[in-house]
Amino acid sequence: MTNLEKYNEAFTESFGVTAEQLPNLEYQGIPEWDSVGHMQLIAALEDAFDIMFDTDDIIDFSSYEKGKEFMSKYEVEL
Amino acid sequence: MEFGYDKLLQMEPYGVPKEAKQKALAERLIELTERHYNSCCEYRRILDVLGVDPQKIHDCEDIPLLPARLFKKVDMLSVPREGIVKTMTSSGTSGQQVSRIFLDKETAADQQKTLVKIVSSFTGSNRMPMLIIDSPAVLKDRNMFSARGAGILGFSIFGRDKMYALDESMELNVDGVKSFLEKHSGEKIFLFGFTFMIWRHFYKELLKLKKQGINVDLSHGILIHGGGWKKLELEAVSHREFCESLREVCGLRDIHDYYGMVEQTGCIYMQCEYGHLHASTYSDIIVRNPKDFTVAGVGERGLVQVLSAIPESYPGHSLLTEDEGELLGEDDCPCGRLGKYFKIHGRMAGAELRGCSDTYERR
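Protein sequences, first through last, are from chains A and B. My numbering puts the first residue of the first sequence at 1, with every later residue one more than the last. My numbering puts the first residue of the second sequence at 1001, with every later residue one more than the last.
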């Protein structure tokens, strides 16, 4: 699986959404991506890539697209 | 007019001396007072009745205060309802009315950012394996957040590889805890929970296990707990005894109580190593004489007023609690942290019970 596929899977598994929904997905944009869902997503990404986010990045991880920018900080090329 | 919480949030949580803090905090609280006056009609009506003109407020002590229990009676919002992403409720015993606090995206994010600034100054910025001394059942209803769930969730950001130490029926998962600690042996462990639940469902179980020869080692742990002392007072357990008992049973030494309330989530008051509760740069307390609401001095008991620089979506930046407190000093705690430090003596006579720990009833 490519890194992008792993990244996408963390979202689709955590929120039960389809890959087509991902590009516009935002925090609090769907009921599943609430603060509980957010921590599930973070845990899924950390497990998938064996990384650990800084607390500030967890807070600023506000959308599917924005999250991609953070991944490169943790040396994950999508 | 520019509303800025970020400016305040960039300052150190416990590094701003009195004058600079009062100036920055007053500026922000006046901004908030004007904002809520202009966008929340209930708030405006109250200020009008009280004859308060937001333009004429100059320092923190002049900010009008609302009784915290008002949020039980009236839904108060300063943003359109469509903008609300989370509604939080206070803890109450069954049958008791609870407060409803409405959060929009910005206010919810500011709460989390503030909590991070305050707590990481005690725990360090590394996220730690986290043991939550509660049951996962607390977070079941995601649409209505109890203060207890919000506490767990808010503090979860400091954890990685989280584990609930109690099961759905509040029984200690001994095997789970043991294997969690083995997996993370040598690492600093972050523990979070509410005072009474820790005592009843964690400490007492550990004590039983110890008598059976089963030891749990938490000497590398840091525990943050809150929610009130009432239930432990009934069992005649003092703060000191709480800490000493935990140290004896599992080696846990680094223990911090905190004071905070759902109406001002984010701005918690952490207890330092000298046992004092501390106001951070982002919030403050004022102790008031219950007879005439004048400001009480150091060492005088009174009603606690809490100020928070966060709330934008609801007018809860200045509230009168029903807690009795005592200011111990300002900028001169032996721990070195700046800001006011104080003690809470419990609820005022006649006040309703609240607090995640105090209202706990096992179902």
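Virtual Cβ for every residue (Gly too), placed ideally from N, Cα, C.
The C-beta distance from residue 72 of chain A to residue 1086 of chain B rounds to 30 Å, too long to meet the 8 Å contact threshold.
Residue 1275 of chain B sits close to residue 1239 of chain B, with the two beta carbons spaced by under 8 Å. Beyond the five residues adjoining it in sequence on each side, residue 1343 of chain B comes within less than 8 Å, by CB distance, of 1276, 1277, 1325, 1326, 1328 in the same chain, given in chain order.
For the 8 Å CB-CB criterion, residue 1225 of chain B and residue 1194 of chain B form a contact. Here residue 1284 of chain B is bridged, per DSSP, to B:1307. Straight across, the Cα-Cα distance linking residue 9 of chain A with residue 70 of chain A is about 17 Å. Rounded to whole angstroms, the Cβ separation of residue 1011 of chain B and residue 1265 of chain B is 20 Å, and the two are not in contact under 8 Å. Neighbours of residue 1112 of chain B in chain A, taken as residues whose beta carbon is under 7 Å from its own, are 59 in chain order. Annotation: Cβ neighbours of residue 1157 of chain B in chain A (cutoff 7 Å, chain order): 55, 58. Contact between residue 1132 of chain B and residue 1088 of chain B does not hold, since their C-beta atoms are separated by about 18 Å, which reaches or exceeds 8 Å. Between residue 1294 of chain B and residue 1093 of chain B, the gap from beta carbon to beta carbon reaches 8 Å or more. In terms of beta-carbon proximity, residue 1188 of chain B stays away from the interface with chain A, with every pair separated by 8 Å or more. Straight across, the Cα-Cα distance linking residue 1014 of chain B with residue 1270 of chain B is about 11 Å. Residues of the same chain with a CB within less than 7 Å of the CB of residue 1172 of chain B, apart from the 5 flanking positions on each side, are 1165, 1166, 1201, 1202, 1205 in chain order. Residue 1096 of chain B carries a coil assignment under DSSP once its states are collapsed to helix, strand and coil. In the DSSP assignment, residue 1319 of chain B is bridged to B:1066, B:1306. Residue contact check for residue 76 of chain A against chain B: no CB pair falls below 8 Å. When the Cα atoms are used, residue 51 of chain A and residue 1150 of chain B turn out to be separated by approximately 26 Å. Taking the Cα positions, residue 1057 of chain B is about 28 Å away from residue 1109 of chain B. Residues are counted here when their Cβ sits less than 7 Å from a Cβ of chain B; for the segment 33-46 of chain A these are 34, 35, 36, 39, 46, given in chain order.
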